[in-house]
Amino acid sequence: MISDSEKPNNHPLIAFALGGGAAKGWAHIGMLSYLDEAGIKPELICGTSMGAVAGACYAAGKLDELKEFAFSMTKRRMFSFMDVRLGGGIIKGSHLVTELSKYFGDMHIEDLNIPFVAIATELATGHEIWLRDGKVVPAMRASFAMPGVFSPLDIDGRWLTDGALVNPIPVSVCRAFGARIVIAFGLTSAIYLTKNQNDDFYDQDLEGDKRGTMDMVKEVKQGLHKIKTSEPNIGTVTMASFNIMQDRIARTRLAGDPPDALITPNVEHIGAFEFDKAQELYDLGYEAAHKALPSILNAIRNVGV
Numbered sequence: 002m003i004s005d006s007e008k009p010n011n012h013p014l015i016a017f018a019l020g021g022g023a024a025k026g027w028a029h030i031g032m033l034s035y036l037d038e039a040g041i042k043p044e045l046i047c048g049t050s051m052g053a054v055a056g057a058c059y060a061a062g063k064l065d066e067l068k069e070f071a072f073s074m075t076k077r078r079m080f081s082f083m084d085v086r087l088g089g090g091i092i093k094g095s096h097l098v099t100e101l102s103k104y105f106g107d108m109h110i111e112d113l114n115i116p117f118v119a120i121a122t123e124l125a126t127g128h129e130i131w132l133r134d135g136k137v138v139p140a141m142r143a144s145f146a147m148p149g150v151f152s153p154l155d156i157d158g159r160w161l162t163d164g165a166l167v168n169p170i171p172v173s174v175c176r177a178f179g180a181r182i183v184i185a186f187g188l189t190s191a192i193y194l195t196k197n198q199n200d201d202f203y204d205q206d207l208e209g210d211k212r213g214t215m216d217m218v219k220e221v222k223q224g225l226h227k228i229k230t231s232e233p234n235i236g237t238v239t240m241a242s243f244n245i246m247q248d249r250i251a252r253t254r255l256a257g258d259p260p261d262a263l264i265t266p267n268v269e270h271i272g273a274f275e276f277d278k279a280q281e282l283y284d285l286g287y288e289a290a291h292k293a294l295p296s297i298l299n300a301i302r303n304v305g306v
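Taking our numbering, the leading residue of the sequence shown gets 2, the next gets one more, and so forth.
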């Protein structure tokens with residue numbers, strides 16, 4: 002069942018908001034691993050797209066299994082998961098669902114060790130949907146259904162697609178469920194810090210905004226330059242367009258509802274489908290979480306924990 006309005010009675014102290022980023026989402030494993038080692042434990046996890054996958058695995062105590070799967074990914078194995086078809090997306094996603102089902106089976110979100118919410122978008126209305134009950138695997142699958150790449154998923158009579166269309170980094174969802182401290186895990190180029198990690202990331206002047214835009218344009222150009230033909234193909238155009246949209250939405254939503262601490266690994270040089278770079282992404286995520294620890298501890302001290 003889908004629930005996008007019900008709220009729990011308890012108010013979590015610390016919540017993690019894990020953003021989308023396709024292959025870059027492997028960095029979530031490193032960030033979560035470091036914070037777990039540092040003793041920073043969430044009482045709520047909200048995830049969008051690949052953030053939903055990593056967040057659900059963490060909430061189920063299966064982060065090590067996800068890490069093992071990510072590290073085993075090669076270009077050859079990557080293609081084995083691409084069940085190409087004609088329809089709502091070029092990839093049906095059944096091979097990925099089969100793999101995820103090995104870890105979760107028929108497990109329900111209500112049975113996870115930590116309360117969890119996956120964010121998706123209803124295709125017919127554009128509404129932001131919060132999946133907080135029902136089976137874990139369909140919730141993850143709906144949340145990462147990137148338009149034009151993965152086909153949308155029908156849950157309870159509603160066709161759902163990627164949550165990054167409406168909420169790339171679900172800080173607002175954590176707030177809606179009463180979290181006092183929200184730690185955001187961001188992978189989009191719009192929020193790469195140009196100042197020290199301990200500075201207020203959302204206190205940006207016009208010059209900072211220009212820098213963010215330049216970073217985004219640079220990322221898109223790097224992707225286009227890999228194409229050998231005179232014109233970018235449909236896959237490149239689709240991915241670049243989605244990234245631009247996601248970046249702008251993330252910037253707007255974080256400006257209006259900033260987290261208490263933000264972890265932003267520098268992953269702009271890695272492409273959206275380079276799933277074979279899990280080791281590098283893990284290391285970048287781990288390092289970024291280490292650098293962000295002072296700001297996280299400061300946020301905790303500010304609420305008197």
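Beta carbons: idealized from backbone N, C-alpha and C, even for Gly.
Phe-72 and Ile-46 have their C-alpha atoms roughly 23 angstroms apart. Collapsing the DSSP output to three states places Arg-77 in a helix. Linking Ala-300 to Ile-182 through their CA atoms gives a straight-line distance of about 7 angstroms. Secondary structure of Asp-155 (DSSP, three-state): strand. In this structure, the beta-carbon distance from Pro-116 to Phe-186 does not fall below 9 angstroms. Leaving aside the five residues that flank Val-98 on each side, the residues in its chain whose CB is nearer than 7 angstroms to its CB run, in chain order, Val-138 and Arg-142.
Taking a cut-off of 8 angstroms on C-beta distances, the stretch 155–169 touches the stretch 127–135, as three or more cross pairs fall below it. Judged by beta-carbon spacing, Pro-13 lies beyond the 9 angstroms limit of Ala-119, meaning their Cβ atoms are not closer than that value. Secondary structure of Gly-22 (DSSP, three-state): coil.
For Asp-284, the three-state secondary structure derived from DSSP is helix. Three or more Cβ pairs drawn from the stretch 26–37 and the stretch 283–295 lie within less than 8 angstroms of each other, which places the two stretches in contact. The Cβ-Cβ distance between Ala-61 and Pro-43 does not fall below 9 angstroms.
The C-beta distance from Ala-24 to Glu-275 rounds to 5 angstroms, short enough to fall under 8 angstroms. The residues Cys-47, Ile-170, Pro-171, Val-172, Cys-175, Val-183 and Ala-185, in chain order, have a CB closer than 6 angstroms to that of Ala-18 in the same chain once the five nearest residues on each side in sequence are set aside.
Note on the stretch 94–169: whole alpha helix (DSSP H) runs with a minimum of 4 residues are 95–105 and 137–144, in chain order. A distance of 9 angstroms or more separates the beta carbons of Tyr-283 and Lys-63. If the five residues before and after Ile-271 are omitted, its C-beta is found closer than 8 angstroms to the C-beta atoms of Ala-24, Lys-25, Lys-278, Glu-281 and Leu-282, all from its own chain and listed in chain order. When Tyr-59, Ser-242 and Ala-28 are compared, the shortest CA-CA separation from Ala-165 is found for Ser-242. Judged by DSSP in its simplified three-state form, Ala-251 adopts helix. Bridge partners of Val-183 according to DSSP: Ala-16. Rounded to whole angstroms, the Cβ separation of Gly-31 and Gln-247 is 21 angstroms, and the two are not in contact under 8 angstroms. Note that the C-beta distance between Thr-189 and Asn-267 is not below 9 angstroms. For Gly-52, the enclosing alpha helix (DSSP H) covers residues 51–60.
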